[in-house]
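J.: Numbering (my numbering), first residue to last: 16 to 522.
No residue lacks a Cβ here, since even glycine has one placed at the ideal position from N, Cα and C.
(1) Taking Cβ positions, are residue 152 and residue 127 nearer each other than 8 Å?
(2) Consult DSSP for residue 198 and reduce its assignment to one of helix, strand or coil.
(3) Relative to the C-alpha of residue 305, which candidate in 279, 319, 275, 271 has its C-alpha closest?
(4) Mind checking who residue 511 pairs with in its DSSP beta bridge?
(5) Measuring from the CB of residue 461, is there a heavy atom of the ligand NAP at a distance below 7 Å?
(6) Let me know the beta strand (DSSP E) ranges lying completely inside the segment 371-436, each 3 residues or longer, listed in chain order.
(7) Which residues in the same chain as residue 448 place their Cβ atom closer than 8 Å to its Cβ, once the five residues preceding and following it in sequence are excluded?
(8) Based on Cα-Cα distance, which residue from 112, 177, 175 lies nearest to residue 146?
(9) Assign residue 94 to one of three DSSP states: helix, strand, or coil.
(10) Measuring alpha carbon to alpha carbon, tell me which residue in 75, 23, 46, 85 is nearest residue 426.
(11) Go to residue 168, then tell me how far its alpha helix (DSSP H) extends in each direction, as first and last residue.
(12) Do you know how far the Cα of residue 396 is from the Cα of residue 514?
(13) Going by the beta-carbon positions, is the gap between residue 201 and residue 181 smaller than 8 Å?
(14) Per DSSP, residue 127 forms a beta bridge with which residues?
(15) According to DSSP, what are the bridge partners of residue 368?
(16) Determine the extent of the beta strand (DSSP E) in which residue 144 is found, giving its start and end residues.
(17) Can you give the Cα-Cα distance for residue 429 and residue 345, rounded to whole angstroms?
(18) With DSSP as the reference, label residue 61 as helix, strand or coil.
(19) Report all residues from its chain with a CB closer than 6 Å to the CB of residue 87; omit the five preceding and five following residues, and keep chain order.
(20) According to DSSP, what are the bridge partners of residue 289?
(21) So which of 420, 363, 419, 372 has the shortest CA-CA distance to residue 399?
(22) Given this structure, state the Cα-to-Cα distance separating residue 54 from residue 24, to the nearest angstrom.
(23) Out of curiosity, what's the CA-to-CA distance linking residue 499 and residue 493?
(24) Hey, how far is the Cα of residue 337 from the Cα of residue 367?
(25) Is the segment 267-286 touching the segment 96-110, taking contact as three or more C-beta pairs under 8 Å?
(26) Mark residue 501 as exposed unless 16 or more other C-beta atoms lie within 10 angstroms of its C-beta, in which case mark it buried.
(27) Does the distance from the C-beta atom of residue 471 to that of residue 183 stay below 8 Å?
(28) Tell me the residue span of the alpha helix (DSSP H) that contains residue 275.
(29) What is the rounded straight-line gap between the Cα of residue 59 and the Cα of residue 79?
(30) Pull up the DSSP beta-bridge partners for residue 76, would you.
(31) Taking its Cβ as the centre, do 16 or more other Cβ atoms sit within 10 Å of residue 34, making it buried, or is it exposed?
(32) Residue 314 lies in the alpha helix (DSSP H); which residues open and close that run?
(33) Can you tell me which of the three DSSP states residue 241 falls into?
(34) Residue 293 and residue 322: beta carbons closer than 8 Å?
(35) Of the residues 73, 129, 141, which one's Cα is nearest the Cα of residue 100?
(36) Starting from residue 84, trace the alpha helix (DSSP H) both ways and give me its first and last residue.
In structure tokens:
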């Protein structure tokens with residue numbers, strides 16, 4: 016008897032990302048799963064409800080963004096973004112005043128995407144300068160790195176009130192020569208978001224979430240890992256509502272220690288939402304924060320709950336601090352083999368590679384940073400340390416699992432930009448950024464598929480097209496391994512499918 020299936024796609028070039036069957040021409044799908052792959056000379060024993068002639072188009076697994084920030088991407092849709100094209104303060108402020116004029120007096124002005132590097136002829140923004148823009152609005156300017164904010168006087172008053180009821184561990188407030196605040200604050204992102212700035216209305220959130228999903232699907236992204244350390248049960252209420260009505264993309268949610276235990280139970284009713292790693296953000300203030308003892312306790316909290324930890328590390332001091340804490344945990348819990356991820360690993364000397372491999376630490380890096388921030392790295396990072404910048408190829412050569420995430424909205428969400436940057440190591444201005452760390456097209460694809468699936472713990476479900484795996488795949492216009500680099504960066508996704516359902520079509 017012929018077996019009935021939901022979908023059969025044939026006459027395709029299927030790049031499976033599976034080592035056992037790297038290329039196929041046909042794919043059988045039923046109940047959201049791939050049940051069989053076929054080659055040129057194979058005949059299908061199935062009868063499909065729907066059969067699709069792919070007309071020799073290229074199919075590959077849906078991409079996984081292993082490190083992004085969904086809530087920030089939604090909120091940025093309702094913020095003012097600073098263009099980097101202005102060369103004078105007068106021109107920049109004229110643009111900002113025009114944008115602010117549309118915001119009612121008393122309402123917060125949210126400005127994103129700032130970094131002094133992009134405005135070399137303009138004095139870095141301060142409280143006094145923002146007061147020139149408006150004293151009728153509280154203003155927050157957020158650096159593109161998201162770890163630093165600048166407030167005007169009205170915004171500072173709100174922040175000062177919140178700070179009175181909040182421990183200021185990990186927060187650094189810059190002072191001028193007279194000991195007065197400059198308005199520049201480091202490490203207070205969570206406090207500002209949760210206790211200072213008002214929340215967007217629910218209707219705005221839902222509109223923004225739906226627009227975000229459309230964008231992700233148009234780029235071929237079928238799974239994401241939200242790496243925010245402040246994700247709470249209350250914040251996820253709106254996402255649960257979105258999932259009940261229109262959101263279809265599976266999300267793995269990280270959070271920090273305070274919300275970690277509550278999050279798992281809260282996510283259970285939504286099958287496409289899962290709790291992921293416990294996020295630990297290291298800051299230099301100027302000493303590294305949190306302390307080693309605090310990191311050890313958070314690692315134990317995660318490992319004893321059978322969950323991984325993900326540690327934000329961006330310089331050699333942080334790498335050593337994190338490895339030292341992990342070694343202590345391994346000694347204290349020898350029977351528990353907890354998984355540890357390093358997020359970013361922006362500057363990492365070769366001396367750490369063997370230690371990272373020895374402790375089976377996974378790395379989630381951010382290839383788009385090479386394009387977006389590469390020119391700034393080359394100028395601000397010491398010449399002797401350029402060889403430490405995002406050592407993707409060296410880590411892979413040492414047998415270390417490396418996956419990719421955009422860290423959006425710090426960088427654009429596009430995996431195609433990330434693939435291009437991973438292969439070329441070119442900055443926005445065409446300069447090479449540690450070119451020896453460039454990888455092949457195939458290894459770049461692995462960063463967003465098989466390796467990304469592994470670091471989020473879904474290596475048996477997604478990341479490749481094979482029998483038993485979820486039918487998450489994309490159809491693209493060009494072959495990503497054989498096309499030009501320009502075509503790779505600007506790849507057109509024709510269709511995006513999740514669990515055997517087509518959710519995006521370019522037409």
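T.: According to the data block:
(1) For the 8 Å CB-CB criterion, residue 152 and residue 127 do not form a contact.
(2) Residue 198 falls in the strand class under three-state DSSP.
(3) Per the Cα distances, 271.
(4) In the DSSP assignment, residue 511 forms a beta bridge with 489, 519.
(5) Inclusion of the ligand NAP in the displayed structure is not the case, the ligand content being empty and no account of it being possible.
(6) You should have 377-380, 417-419.
(7) The answer, listed in chain order, is 385, 389, 392, 393, 401, 404, 405, 440, 441, 442.
(8) Closest by alpha carbon: 112.
(9) Secondary structure of residue 94 (DSSP, three-state): coil.
(10) Closest by alpha carbon: 85.
(11) Element bounds for residue 168: 168-178.
(12) Taking the straight line joining both Cα atoms gives about 44 Å.
(13) No; because the gap between Cβ atoms is not below 8 Å, this pair is not in contact.
(14) DSSP lists 96, 157 as partners of residue 127.
(15) Residue pairing by DSSP places residue 368 in no beta bridge whatsoever.
(16) Judged by DSSP secondary structure, residue 144 falls outside any beta strand (DSSP E) and instead within the alpha helix (DSSP H) spanning 142-148.
(17) Their Cα atoms are separated by approximately 37 Å.
(18) Secondary structure of residue 61 (DSSP, three-state): strand.
(19) Here the set comprises 424.
(20) Residue 289 is bridged by DSSP to 267.
(21) Considering only alpha carbons, the answer is 363.
(22) Spanning the two alpha carbons is a distance of roughly 12 Å.
(23) Their Cα atoms are separated by approximately 9 Å.
(24) Spanning the two alpha carbons is a distance of roughly 11 Å.
(25) Fewer than three pairs of CB atoms, one per stretch, sit closer than 8 Å, so the segment 267-286 makes no contact with the segment 96-110.
(26) Under this definition residue 501 is an exposed residue.
(27) Not closer than 8 Å, so no.
(28) According to the DSSP assignment, residue 275 belongs to the alpha helix (DSSP H) that extends over 272-282.
(29) One Cα belongs to residue 59, the other to residue 79, and the distance between them is close to 30 Å.
(30) In the DSSP assignment, residue 76 is bridged to 488.
(31) So residue 34 counts as exposed.
(32) According to the DSSP assignment, residue 314 belongs to the alpha helix (DSSP H) that extends over 307-319.
(33) Residue state, collapsed to three classes: strand.
(34) In this structure, the beta-carbon distance from residue 293 to residue 322 falls below 8 Å.
(35) Among 73, 129, 141, the Cα nearest to that of residue 100 belongs to 129.
(36) Here residue 84 belongs to no alpha helix (DSSP H), and DSSP marks it neither H nor E.
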